[in-house]
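Colleague: One structure coming up, written as structure tokens, with questions to follow.
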Amino acid sequence: MTLAPPVAHEGPALQAQVQDTPGMRMLYSALNHLDDAAARLNLDPNLHRILRTCERTLTVAVPIELDDGETAVYTGYRVQHTSVPGPCKGGVRFHADVSLEEVTALAQLMTWKCAVLNLPYGGAKGGVSVSPATLSENELRRLTRRYTYAIMPIIGPKKDIPAPDVNTDERTMAWMSDTYSMLIGEASQEIVTGKPLILGGSVGRADATGLGVAIIAESTMKRYGTPIEGARAVIQGFGKVGYWTAHYLAQAGCKIVGVSDVSGGYTHPHGLDVEAMLKYTKTSPTRTLAGYTTPGLETVTNEELLLLPCDVLIPAALEDQITSLNADRIQAKYIVEGANGPTSSTADKILHARGVMVVPDILANAGGVTVSYFEWVQGLQAFPWDLAEVQKNLRRFLYNAFDHVCDFSEANQVSLRQGAFMLAVSRVAEALAQRGIFP
Ligand code: NAD
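Be aware that the sequence shown starts at 35, since it is given in the working numbering, and climbs by one per residue.
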């Protein structure tokens with residue numbers, strides 16, 4: 035593993051803690067991307083030092099009473115990278131692999147993502163280290179409410195606004211918003227985004243990340259000369275991001291030749307019927323694709339899925355999926371990162387050298403936070419928009435960011451990831467320089 039170079043005053047603590055965990059690898063990748071951008075921008079080392087650290091890190095115990103009367107205690111986190119550009123913004127993840135390092139990396143990535151899209155937010159992320167599938171609905175509700183209570187001191191509609199992420203959804207956001215409102219004694223729907231429509235959610239939020247990934251994948255193929263009609267797409271993950279990406283790419287004329295979820299990978303040379311697959315997951319015993327079948331379908335492992343020949347590969351499940359172990363065997367022309375941090379920094383270099391174009395997460399999956407921003411604006415103004423307004427503005431924000439990142443990267447002869455990070459870091463650093471250091 036290549037470690038990011040130490041920065042003076044950072045101290046040896048972080049370096050000494052290095053363990054080869056996915057969360058740690060992700061954190062080092064995030065820091066490597068920042069350091070690379072800082073070096074290329076010739077960034078003031080004082081600003082760089084601040085941007086390498088997180089403004090606030092909270093670790094909380096989340097005890098809950100289980101249905102059988104036993105007590106379980108989980109560990110939760112909320113990390114705020116910076117509030118310099120505006121309030122902090124980022125999702126909440128429930129997953130067994132959640133760690134402080136992973137949440138820290140994801141909080142930093144949120145800062146850069148918001149900056150690429152010119153959204154007035156800094157980055158944050160939260161999570162609880164838990165396997166939600168092992169909990170009943172009542173246990174999940176108690177977990178969500180206790181976690182919300184535990185992070186209460188640092189969240190707020192003008193401080194830090196959580197949203198859904200892996201294994202959390204509208205229902206989780208409804209519980210979070212209710213808990214926060216009860217505790218402060220006033221209705222506060224703007225405390226979270228990704229809420230149900232009836233509770234102040236935005237039309238177009240549920241599919242926004244996947245629609246955004248599809249828009250960016252289409253824009254990439256258009257700009258770099260691959261016809262969209264008939265283009266072969268492979269998508270890892272069939273959740274909120276993966277399914278909607280598949281839906282919109284199929285609608286645009288792409289052939290979805292492979293998808294996977296936690297149960298494994300499914301391929302069809304003539305293209306999969308993603309709507310039939312979604313319908314199957316709604317009633318399958320595990321709510322996954324396990325057991326799905328149709329004539330001509332072949333099953334592969336998740337590892338094999340990433341290596342299928344295709345035009346565009348979309349990792350939309352978890353981080354650290356494309357690494358030094360498989361990057362030299364990826365056959366896609368383009369990788370469009372639906373997930374956060376799916377490509378390690380070593381893999382990134384291998385892919386760049388092989389001419390595989392990688393559209394980075396901080397651009398590719400920014401549709402979700404962009405519509406979250408619209409939801410927050412609608413909440414603050416208590417004035418809902420219609421779907422046409424939401425999607426028109428989403429396209430405007432994404433096309434602007436895409437063109438800007440591509441033009442900048444081409445002009446500076448750097449990869450799209452390097453260009454996106456350079457733009458993002460320069461914007462946040464400029465805001466930091468203008469504000470100065472308090473006091
Ligand atoms: P989700 O929980 O809805 O779906 C995750 C999917 O990944 C599921 O289909 C699951 O079965 C699958 N999966 C889990 N482990 C897998 C494995 N080892 N191999 C293959 N598939 C596996 O989560 P989501 O909201 O779709 O998030 C997916 C990724 O996108 C995460 O990295 C998340 O941070 C990122 N993201 C989400 C949003 C959003 O709005 N939901 C926005 C930006 C980025």
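For every residue, glycine included, the Cβ atom is placed at its ideal position computed from N, Cα and C.
1. When burial is assigned at 16 or more other CB atoms within 10 Å of the CB, is Q223 buried or exposed?
2. Using beta-carbon positions only, say whether L283 and A248 come within less than 8 Å of one another.
3. Around the C-beta of A64, are 16 or more other C-beta atoms found within 10 angstroms, so that it is buried, or is it exposed?
4. Among S236, G57, T357 and G234, whose alpha-carbon lies nearest the alpha-carbon of K12?
5. Quick one, are the C-beta atoms of Y300 and L306 less than 8 Å apart?
6. Which partner residues of K159 appear in the DSSP bridge assignment?
7. May I have a chain-ordered list of the alpha helix (DSSP H) segments no shorter than 4 residues that lie completely inside the region 348 to 428?
8. With a floor of 4 residues, list each alpha helix (DSSP H) that falls wholly inside the region 63 to 129, ordered by position along the chain.
9. Relative to the alpha-carbon of V226, which residue among I269, T145, V132 and K123 has its alpha-carbon at the smallest distance?
10. To the nearest angstrom, how far is it from the Cα of G160 to the Cα of P196?
11. Pull up the distance between the alpha-carbon of A75 and that of L385, whole angstroms please.
12. Give the DSSP-derived three-state secondary structure of K229 in the structure shown.
13. Which of the three DSSP states is assigned to I471 in this structure?
14. Can you tell me where the beta strand (DSSP E) with E332 in it begins and where it stops?
15. Need the endpoints of the alpha helix (DSSP H) that T138 sits in, please.
16. Cutting at 6 Å between CB atoms, please list the residues of its own chain near K474, excluding the five before and the five after it.
17. Relative to the C-alpha of R86, which candidate in Y108, L100 and L61 has its C-alpha closest?
18. Return the chain-ordered list of same chain residues with a C-beta closer than 8 Å to the C-beta of N360, the five sequence neighbours on each side being excluded.
19. Are the region 257 to 268 and the region 319 to 334 touching by the rule of at least three beta carbon pairs closer than 8 Å?
20. Can you tell me whether DSSP reads Q270 as helix, strand or coil?
21. Compare the beta carbon distance of V96 and T109 with 8 Å and say whether it is the shorter of the two.
22. Can you give me the start and stop residues for the alpha helix (DSSP H) that T243 sits inside?
23. I need the straight-line Cα distance from A42 to I84, nearest angstrom please.
24. In whole angstroms, what separates the C-alpha of R451 from that of R175?
25. Kindly examine the ligand NAD and report whether one of its heavy atoms sits closer than 7 Å to the Cβ of L352.
26. Since A445 and L397 should fall inside the 8 Å C-beta cutoff, what is the C-beta to C-beta distance between them, to a whole number of angstroms?
27. Does the region 227 to 236 come into contact with the region 202 to 217, if we say contact requires no fewer than three beta-carbon pairs (one atom in each stretch) closer than 8 Å?
28. If you reduce the DSSP assignment to three classes, tell me which class K289 lands in.
29. By how many angstroms is the C-alpha of V275 removed from the C-alpha of N172?
30. Sorry if obvious, but does the Cβ on F431 come closer than 7 Å to a heavy atom of the ligand NAD?
31. Confirm the yes/no value for this check: CB of A310, any heavy atom of the ligand NAD, distance under 7 Å.
32. Is it true that the CB of A351 sits closer than 8 Å to the CB of G271?
33. With a threshold of 7 Å (Cβ to nearest heavy atom), would D295 be considered close to the ligand NAD?
34. Shortest alpha-carbon distance to E353 belongs to which of A366, N374 and I364?
35. Quick one: residues in its chain with C-beta nearer than 7 Å to the C-beta of A463, no 5 flanking neighbours on either side, listed in chain order?
Modeller: This is what the structure holds:
1. Start at 1 with the first residue of the sequence shown, and residue 223 comes out as number 189. Buried.
2. Working through the sequence shown from its first residue, we reach residue 283 at position 249. Working through the sequence shown from its first residue, we reach residue 248 at position 214. Yes, they are a contact pair.
3. Stepping through the sequence shown from its first residue, residue 64 is reached at position 30. Label assigned to A64: buried.
4. With the chain covering only 35 through 473, there is no way to say anything about residue 12.
5. In the sequence shown, counting from the first residue as 1, residue 300 sits at position 266. In the sequence shown, counting from the first residue as 1, residue 306 sits at position 272. Yes. Within cutoff.
6. Residue mapping note: residue 159 aligns to position 125 of the sequence shown, counting from 1. BP columns for K159 point to V113.
7. 379 to 388, 395 to 398 and 401 to 415
8. Listed in chain order, they are 79 to 85.
9. Here residue 226 is taken as the residue at index 192 of the sequence shown, counted from 1. Cα-wise, what sits closest to V226 is K123.
10. Working through the sequence shown from its first residue, we reach residue 160 at position 126. Working through the sequence shown from its first residue, we reach residue 196 at position 162. Distance between the alpha carbons of G160 and P196: 8 Å.
11. Numbered from its first residue, the sequence shown carries residue 75 at position 41. Numbered from its first residue, the sequence shown carries residue 385 at position 351. Note that residue 75 is Leu in the sequence shown here, rather than Ala. Distance between the alpha carbons of L75 and L385: 23 Å.
12. By 1-based counting over the sequence shown, the position of residue 229 is 195. DSSP places K229 in coil when its eight states are reduced to three.
13. Position 437 of the sequence shown, counting from 1, holds the residue named residue 471. It is coil, neither helix nor strand.
14. Translated into positions along the sequence shown, residue 332 becomes position 298. E332 to V334 is the extent of the beta strand (DSSP E) around E332.
15. Residue 138 sits at position 104 when you count from the first residue of the sequence shown. L134 to V150 is the extent of the alpha helix (DSSP H) around T138.
16. Given a span of 35 to 473 for the chain in the structure shown, any question on residue 474 remains unanswerable.
17. Here residue 86 is taken as the residue at index 52 of the sequence shown, counted from 1. It is L61.
18. As a working mapping, residue 360 is identified with position 326 in the sequence shown. Here the set comprises E337, L340, L341 and A381.
19. no
20. What you label residue 270 is simply residue 236 of the sequence shown in a count that begins at 1. Three-state DSSP puts Q270 in a strand.
21. Here residue 96 corresponds to residue number 62 of the sequence shown, with the count starting at 1. Here residue 109 corresponds to residue number 75 of the sequence shown, with the count starting at 1. T109 is positioned such that its CB atom lies closer than 8 Å to that of V96.
22. On the sequence shown, position 209 is the one that residue 243 refers to. Looking at the DSSP string, the run of the alpha helix (DSSP H) that includes T243 is A242 to R257.
23. Within the sequence shown, residue 42 is the residue found at index 8, counting from 1. Within the sequence shown, residue 84 is the residue found at index 50, counting from 1. With a pLDDT of only 37 at A42, under 50, the local geometry of the prediction cannot be trusted, and the value read off the model is given with reservation. Spanning the two alpha carbons is a distance of roughly 11 Å.
24. On the sequence shown, position 417 is the one that residue 451 refers to. On the sequence shown, position 141 is the one that residue 175 refers to. Rounded to the nearest angstrom, the gap between the Cα atoms of R451 and R175 is 38 Å.
25. For the purposes of this step, residue 352 is identified with residue 318 of the sequence shown, where counting begins at 1. Yes, the Cβ of L352 comes within 7 Å of a heavy atom of the ligand NAD.
26. As a first step, residue 445 must be located in the sequence shown, where it is residue number 411. As a first step, residue 397 must be located in the sequence shown, where it is residue number 363. Between L397 and A445 the Cβ distance is about 16 Å, and since that is not below 8 Å, they are no contact.
27. yes
28. Taking the first residue of the sequence shown as 1, we reach residue 289 at position 255. The answer is strand: DSSP assigns K289 an E or B state.
29. On the sequence shown, residue 172 is found 138 positions in, with the first residue counted as 1. On the sequence shown, residue 275 is found 241 positions in, with the first residue counted as 1. Looking at the two C-alpha atoms, the distance is approximately 26 Å.
30. Position 397 of the sequence shown holds residue 431. It does not: the Cβ of F431 is nowhere closer than 7 Å to a heavy atom of the ligand NAD.
31. As a position in the sequence shown, residue 310 is number 276, starting the count at 1. Not one heavy atom of the ligand NAD lies closer than 7 Å to the C-beta of A310.
32. Numbered from its first residue, the sequence shown carries residue 271 at position 237. Numbered from its first residue, the sequence shown carries residue 351 at position 317. Contact: yes.
33. Reading the sequence shown from its first residue, position 261 is the one you call residue 295. D295 Cβ: within cutoff of the ligand NAD.
34. Position 319 of the sequence shown, counted from the first residue, corresponds to residue 353. For the residues A366, N374 and I364, the minimum Cα distance to E353 belongs to N374.
35. As a position in the sequence shown, residue 463 is number 429, starting the count at 1. Correct list, in chain order: L77, L81 and L85.
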